[in-house]
Amino acid sequence: MIHTLHIETKQRDEIIDITPKVSDLLRQEPLEDGLAIVYCPHTTAGIAVNENADPDVKKDILMRLNEVYPWEHPKYEHAEGNSAAHLKAITVGSSQTLLVAGGRLVLGRWQGIYFCEFDGPRRRQCLVRFIKG
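To convert a position in the sequence shown, counted from 1, into my numbering, add 7.
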């Protein structure tokens with residue numbers, strides 16, 4: 008079964024911790040051991056696993072991505088004007104595969120799963136699939 012998370016973003020660039028939502032979905036599954044695939048079906052957003060203890064890490068990530076991929080650039084040619092969002096999304100990636108053991112997500116002590124918005128605010132979806140292993 009593929010689960011759908013509905014996410015409302017509020018800013019152009021935003022990193023949202025979806026770890027609790029993915030964990031809630033896992034509790035609904037009869038899965039002790041296997042995989043969790045978290046996928047973003049959008050070309051201007053992505054999925055990342057990174058530190059979730061210090062909120063400044065999210066700010067630093069967005070700051071650096073904005074430095075590398077500024078919103079305005081004289082050589083961008085994409086007609087929609089959101090080339091920076093596409094570049095950020097391809098850098099972050101569209102999915103993450105995580106281990107499940109003992110009915111829980113296997114994450115490092117400081118890790119969390121993030122939905123990364125780069126062209127908001129928008130209504131987004133995130134798809135989650137659990138596979139018995």
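Heads up, the beta-carbon is just placed ideally off N, CA and C, and yes, glycines get one too. This one's a predicted model, so the numbers in the text were calculated from it and none came from an experiment.
Using DSSP's beta-bridge definition, name the partner residues of residue i.
i    : result
T104 : I44
N57  : G119
K139 : G41
L134 : T11 and Y46
A52  : E124
Can you tell me the Cα-Cα spacing of residue i and residue j, whole angstroms?
i    : j    : result
K28  : E84  : 37 Å
N73  : D20  : 9 Å
E39  : I25  : 21 Å
T51  : A43  : 22 Å
P128 : I138 : 32 Å
S90  : H10  : 29 Å
C133 : S30  : 14 Å
H93  : I54  : 13 Å
K95  : Q118 : 20 Å
P62  : I23  : 11 Å
D126 : T16  : 9 Å
E79  : R136 : 36 Å
L32  : R71  : 32 Å
L112 : T98  : 24 Å
A86  : Q18  : 21 Å
K66  : C123 : 12 Å
E58  : P81  : 34 Å
Can you name the start and end residues of the alpha helix (DSSP H) that residue i belongs to?
i    : result
L159 : Nothing about residue 159 can be reported from this structure: the residues present for the chain run from 8 to 140 only.
I68  : P62 to V75
I25  : Neither: I25 is in no alpha helix (DSSP H) and is coded neither H nor E.
K95  : S90 to V99
Is the closest heavy atom of the ligand MN to the C-beta of residue i under 7 Å?
i   : result
L42 : Ligands are entirely absent from the displayed structure, and the ligand MN is therefore not among its contents.
Checklist line | Validate contact between the stretch 98-109 and the stretch 43-54 using beta carbons, cut 8 Å, 3 pairs | finding: yes
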